[in-house]
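Inspection log for the structure reproduced underneath, given as structure tokens.
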Amino acid sequence: MSIIVVGAGEIGYHVAKRLSFEKKDVIVIDSDPEKVDRVRETLDVEGIVASGSSPEALENAHIKEADLLIAVTNSDEVNMVCCLIAHVLNKVTTKIARIRNLEYLYNPELFKKAQLAIDLMINPGFEAVSSLITLLQVPGATDVVSFNDGAVKLIGCTVLNPLFHKGIALSDLHQASGIEDLVVVSICRNGTVIIPRGNDMIWYRDSIYAVTGHDHISDMMRFFGQESREVKKAMIVGGTNVGLLLAREFEKMKIGTRLVEQDEVRCARLAEQLDKTMVLHHPEDIEELLSEENLAGIDLFAAVTEDEEDNIIWSLLAKQKGGGKAVALINNMTYTQLISRIGVDFVINPNLAAINRILHFIRKGKVLSVASFYETNTEAIEAVALETSDIVNTPLKNLRLPKHAIIGAIIRDGTLIVPKGDTVILPNDHVIIFALSSQIPQIEKLLTVKIDYW
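For this note's numbering, count along the sequence shown from 1 and bump the result up by 33.
Right under this line is the structure:
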């Protein structure tokens, strides 16, 4: 399987890392020699120093034999030209392009008429905002992933119920919670990830991932001590694309929103593009806005300027002064892994959201859905159990699952089944597996389904 990644920035690097980890043949193209050196030195991929829009570079990367092209440079135009050239040289190559300009995003017909043949346009900001909106629909969650068309949810949260001060064993969880279809698939404690078994304990302030049916989400969140406070009023600082997209989503959700922007021209443009959002021009220091008086009644404060350090500071300061949940726009992957530990409730990371969207799109075969959690280096997979697979017609207690993997749920004819030792997976069941990323190759073999690519 031959894959070309054009652009070795954060998105390109981490996509190439995941693909190479899964033993795919990957070639990375970037015009920056330092970025290409980083790729060559740290990943098992080939690197080419050249412009991604160069026909010669694409031919040197064997575009005529490539199955997939992923163009994720910082330039929309380079990405589009790259896809155009790739289409001319190889019409069957699947093409993915990172497109940041919202005008392009809202006019996809232009690309069809221009015959650019882009199979998927990724707007990192749009993907990140969509992820945040999904989270807000489950108050208290740190991650939400849907399976089986939303009937089953994988939810991350912090355990805040005082009951857990004494610890509760997983084997006692159903009795303690009264929720039958509840399966905890991961516990993170002091930076260590545990794929639990029945005798493992959950303690107060553990970070957990749990699978449950859609109808029991509220009960589950209440059991783990999470508040059900809905967002009714919000303040957004930063008139970036993310700020605009977020305000539009809040308008749809009927959330009263104030958007603050320091640049007067940008502020005027935002006022024209938004219908129900109060757009405020504030050229002075943003910290002057962060008073208890201005933040009174605010349920959520989102700092989404182009300066991620300011976003971290302002969101934390606003939270301290009563600004509700703190949201910060962060592009640095390292910051994302640390930020939740210092009090920021939600991170909008466009790069991470784009990476997840790309990986989700290019999966095929009997793997229906994949979610990656970079902070804990774990993944959740929804796959169809094939009749020839080693996991069917065998009690779960007899399966040779990798040590750091767990079956979180089985879905049969639309019904959620909580896996137990004597549970037997049948052909065509949907199986949700949660595991450390390092276990994916072993899970592939177990499923006899390659997590393959276009």
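A virtual CB, placed ideally from N, CA and C, is assigned to each residue, including glycine.
Quiz item: What whole-angstrom Cβ distance do residue 337 and residue 273 have, given they're in contact under 8 Å?
Solution: 6 Å
Quiz item: On the three-pair Cβ rule with 8 Å, is the region 97-109 touching the region 39-56?
Solution: yes
Quiz item: Any contact of the region 353-372 with the region 121-133, i.e. 3+ C-beta pairs under 8 Å?
Solution: no
Quiz item: Among 207, 292, 229 and 266, which one has its Cα closest to the Cα of residue 252?
Solution: In terms of CA proximity to residue 252, 207 leads the group 207, 292, 229 and 266.
Quiz item: Tell me the DSSP bridge mates of residue 36?
Solution: 59 and 101
Quiz item: Per the contact definition of three or more C-beta pairs closer than 8 Å, is the region 197-212 in contact with the region 290-309?
Solution: no
Quiz prompt | Buried versus exposed, by CB contacts within 10 Å (16 or more), residue 463 | solution = buried
Quiz item: Just checking, does the region 377-389 make contact with the region 431-443 on the three C-beta pairs under 8 Å criterion?
Solution: no
Quiz prompt | Nearest residue (CA-CA) to residue 247, options 239, 180 and 313 | solution = Nearest to residue 247 by C-alpha distance, out of 239, 180 and 313, is 180.
Exercise. Give a single yes or no on whether residue 452 has its beta carbon closer than 8 Å to a heavy atom of the ligand ATP.
Key: Here there are no bound small molecules, and the ligand ATP is not part of this structure.
Quiz item: Hey, is the region 280-290 in contact with the region 440-451, meaning 3+ C-beta pairs nearer than 8 Å?
Solution: no
Self-check item: Bounding residues of the alpha helix (DSSP H) (the contiguous stretch that carries residue 302)
Solution: Looking at the DSSP string, the run of the alpha helix (DSSP H) that includes residue 302 is 297-306.
Quiz item: When burial is assigned at 16 or more other CB atoms within 10 Å of the CB, is residue 236 buried or exposed?
Solution: exposed
Quiz item: Can the beta-carbon of residue 216 be found closer than 9 Å to that of residue 441?
Solution: yes
Self-check item: In DSSP terms, what residue 538 is bridged to
Solution: Examination of residue 538 is not possible in this model, given that the chain is present from 34 through 487 alone.
Quiz item: Looking only at C-alpha atoms, which of 420, 322, 150 and 72 sits nearest to residue 101?
Solution: The shortest Cα separation from residue 101 among 420, 322, 150 and 72 belongs to 150.
Self-check item: Inter-stretch contact at 8 Å, needing at least 3 Cβ pairs: the region 198-205 / the region 220-235
Solution: In the pairwise beta carbon analysis, the region 198-205 is classified as touching the region 220-235: at least three pairs are separated by under 8 Å.
Quiz item: Cα-Cα, which of 245, 188, 184 and 191 is closest to residue 213?
Solution: Taking the Cα of residue 213 as reference, the smallest distance to any Cα among 245, 188, 184 and 191 is reached at 245.
Practice problem: Would you list the residues sitting across from residue 176 in a DSSP beta bridge? | Solution: 189
Self-check item: Option in 343, 333, 276 and 94 with minimal Cα separation from residue 312
Solution: 276
Exercise. Check whether the Cβ atoms of residue 489 and residue 85 sit closer than 9 Å, and answer yes or no.
Key: With the chain covering 34 to 487 only, the question about residue 489 has no answer from this structure.
Practice problem: Return yes when the Cβ of residue 379 is within less than 9 Å of the Cβ of residue 413, no when it is not. | Solution: no
Self-check item: Close Cβ partners of residue 487 (< 7 Å) along its chain, the five nearest in sequence each way excluded
Solution: Residue placement at residue 487 cannot be trusted, given a pLDDT of 48 that sits under 50; what the coordinates show is reported in the next sentence. Same-chain partners within the cutoff: 100, 101, 127, 395 and 397.
Quiz item: Where do the ends of the alpha helix (DSSP H) carrying residue 436 lie?
Solution: Unbroken run through residue 436: none, as it is neither H nor E.
Self-check item: Three-state class that DSSP yields for residue 487 in the structure shown
Solution: Note that residue 487 has pLDDT 48, beneath the 50 cutoff, so the model's placement of it is unreliable and no number is given.
Quiz item: To which residues of the same chain is residue 166 closer than 6 Å at the C-beta, ignoring the five residues directly before and after it?
Solution: 282
Quiz item: Which runs of the alpha helix (DSSP H) spanning at least 4 residues fall entirely within the region 322-382, listed in chain order?
Solution: 325-328, 341-353 and 366-372
Quiz item: Just checking my contact of residue 51 with residue 392 at CB under 8 Å: how many whole Å lie between their CB atoms?
Solution: Rounded, the Cβ-Cβ distance is 6 Å, consistent with contact.
Quiz item: Is it true that the CB of residue 152 sits closer than 9 Å to the CB of residue 129?
Solution: yes
Exercise. Tell me whether the beta-carbon of residue 240 lies closer than 9 Å to the beta-carbon of residue 175.
Key: yes
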